[in-house]
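For what it's worth, the working numbering labels the leading residue of the sequence shown as 3, then goes sequentially.
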Amino acid sequence: MVIIKKKWTRPEAVAFPRVWRSFKGRKEINGAIPSFWVQDIPEDEFENVINCMVEDFCKDEPVTKCSGFIGDHESVECRKKLWSTILPERMGLICYMENPKPGEKPIFAAVNCTHARSKYDEKFKATGEVMSDFAHIRELITQGRDPYQFLDTDVLLCSLGIYVLPQFRGQDLGLQLLLAREDLCNACGIKAAVTVFTSSISQALAYKAGYKTFAEISYQDLKDIYKYDYTKIGESHKSMKYMYKIF
3 MVIIKKKWTR PEAVAFPRVW RSFKGRKEIN GAIPSFWVQD IPEDEFENVI NCMVEDFCKD
63 EPVTKCSGFI GDHESVECRK KLWSTILPER MGLICYMENP KPGEKPIFAA VNCTHARSKY
123 DEKFKATGEV MSDFAHIREL ITQGRDPYQF LDTDVLLCSL GIYVLPQFRG QDLGLQLLLA
183 REDLCNACGI KAAVTVFTSS ISQALAYKAG YKTFAEISYQ DLKDIYKYDY TKIGESHKSM
243 KYMYKIF
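Next comes the structure, spelled out in structure tokens:
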């Protein structure tokens with residue numbers, strides 16, 4: 003008998019969109035401490051999120067920034083296709099700031115393009131030189147180790163980028179997005195989350211949120227052994243870390 007494993011989907015019993023956590027910022031904006039919340043990315047925000055990730059995240063994230071990604075049209079289109087595919091799965095997280103003007107729309111402050119991935123899902127084929135390099139490097143980091151087996155689960159919450167708009171940095175939004183993953187996963191029955199963190203800043207944030215290192219590769223080894231030179235991102239960033247958290 004052939005057993006067909008279905009693609010994981012968000013449980014219908016979990017309301018969408020749902021607010022996962024609310025919190026106060028750490029510093030004043032226009033003389034007042036702002037209020038924020040993290041919720042599911044609503045459908046009417048999908049296009050805005052994709053544009054933000056292409057126009058802002060890809061020019062800001064250390065490895066993407068120094069890889070020449072934006073100049074590789076095929077890679078850009080590949081990543082846009084990925085985001086367009088995962089957002090309708092309704093597992094992404096967005097952070098809003100309460101608008102100080104009563105009755106006005108909340109203000110988009112940060113986003114984490116999280117999505118659930120099953121070990122039975124078909125592997126996405128990367129297109130474009132830079133995206134193909136990224137896919138290869140991901141394999142180099144783990145060196146064949148299987149996170150599903152290590153974490154004893156069929157489904158993991160994964161991430162295709164986390165971005166905080168510059169004017170909201172220093173408010174702990176990145177940390178709150180990482181913490182909200184646990185709320186989301188507990189509600190949806192997902193046991194663990196995994197993410198590749200590429201900078202020392204994001205890695206420190208991940209440790210603060212309770213993540214541990216599953217696998218790691220240094221930028222120096224990527225350059226010396228595999229000829230991927232990302233050393234322009236700066237001496238303070240030493241490695242890529244594939245990190246996990248069990249809920």
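Ideal Cβ positions, reconstructed from N, Cα and C, are used throughout, including at glycine.
Among residues of its own chain, excluding the 5 on either side of residue i, which ones have a beta-carbon nearer than 8 Å to its beta-carbon?
| i | result |
| --- | --- |
| F23 | According to the sequence provided, residue 23 is Arg. The question's Phe does not apply to it. Excluding sequence neighbours, R23 sits near W39, V40, Q178, L181, A182, D185. |
| T144 | F216, A217, Y244 |
| L84 | F126, L162 |
| Y221 | Y232, T233, I235, H239, K240, S241, M242 |
Does the distance from the C-beta atom of residue i to that of residue j stay below 8 Å?
| i | j | result |
| --- | --- | --- |
| V157 | S202 | no |
| N114 | S69 | no |
| T215 | K193 | no |
| M133 | F199 | no |
| C80 | A118 | no |
| R266 | D123 | For residue 266 there is no data in the structure shown, the boundaries of the chain being 3 and 249. |
| I52 | K26 | no |
| D74 | G33 | no |
| C190 | F249 | no |
| L159 | C97 | no |
| S37 | E100 | yes |
Taking the alpha carbon of residue i as the reference point, which residue from the options has its own alpha carbon closest?
| i | options | result |
| --- | --- | --- |
| L95 | S220, P19, E237 | P19 |
| I35 | D154, Y150, Q173 | Q173 |
| L167 | A111, R81, K127 | A111 |
| F136 | E45, I88, D154, D231 | D231 |
| E57 | T87, V78, N101, S37 | V78 |
| V21 | P44, K29, Q169, K8 | P44 |
| E47 | I31, K103, A208, P108 | P108 |
| S86 | N50, E100, P102, D62 | N50 |
| E30 | F170, S241, K8, D226 | F170 |
| T197 | E76, F71, R140, G146 | R140 |
Within its chain, find whatever has a CB closer than 6 Å to the CB of residue i; leave out the 5 residues flanking it on each side and keep chain order.
| i | result |
| --- | --- |
| T66 | C60 |
| K247 | A195, G212, Y213 |
| I235 | P64, C68 |
| A208 | F199, M245 |
| P104 | none |
| I88 | H117 |
Going by DSSP, which residues form a beta bridge with residue i?
| i | result |
| --- | --- |
| K240 | The partner list for K240 (beta bridge, DSSP) is empty, contrary to what the question assumes. |
| E79 | Bridge partners of E79: none, in fact. |
| R23 | V40 |
| T197 | M245 |
| N114 | L95, I164 |
| V257 | Residue 257 cannot be examined here, being either before or after the span of the chain that is shown, 3 to 249. |
| L207 | L207 pairs with nothing; no bridge assigned. |
| M119 | For clarity, residue 119 is Arg in the given sequence; the question names Met instead. Beta-bridge pairing links R119 to L158. |
| K214 | Y246 |
| I109 | M99 |
| I31 | A34 |
| I219 | M242 |
For residue i, count neighbouring C-beta atoms within 10 Å of its own C-beta (all shown protein chains included) and say buried if the count is 16 or more, exposed if not.
| i | result |
| --- | --- |
| Y213 | buried |
| H239 | buried |
| D223 | exposed |
| H138 | exposed |
| T11 | exposed |
| A206 | exposed |
| P13 | exposed |
| A15 | exposed |
| T116 | buried |
| A17 | exposed |
| K8 | exposed |
| E237 | exposed |
What does a CB cutoff of less than 7 Å around residue i pick up in its chain, not counting 5 residues either side in sequence?
| i | result |
| --- | --- |
| L142 | I219, Y228 |
| C54 | V113, Y165 |
| T155 | K193, A194 |
At a cut-off of 7 Å, would you count residue i as near the ligand GDP, judging by its Cβ distance to the nearest heavy atom?
| i | result |
| --- | --- |
| L207 | Questions concerning the ligand GDP fall outside what the structure shown contains, since it holds no ligand whatsoever. |
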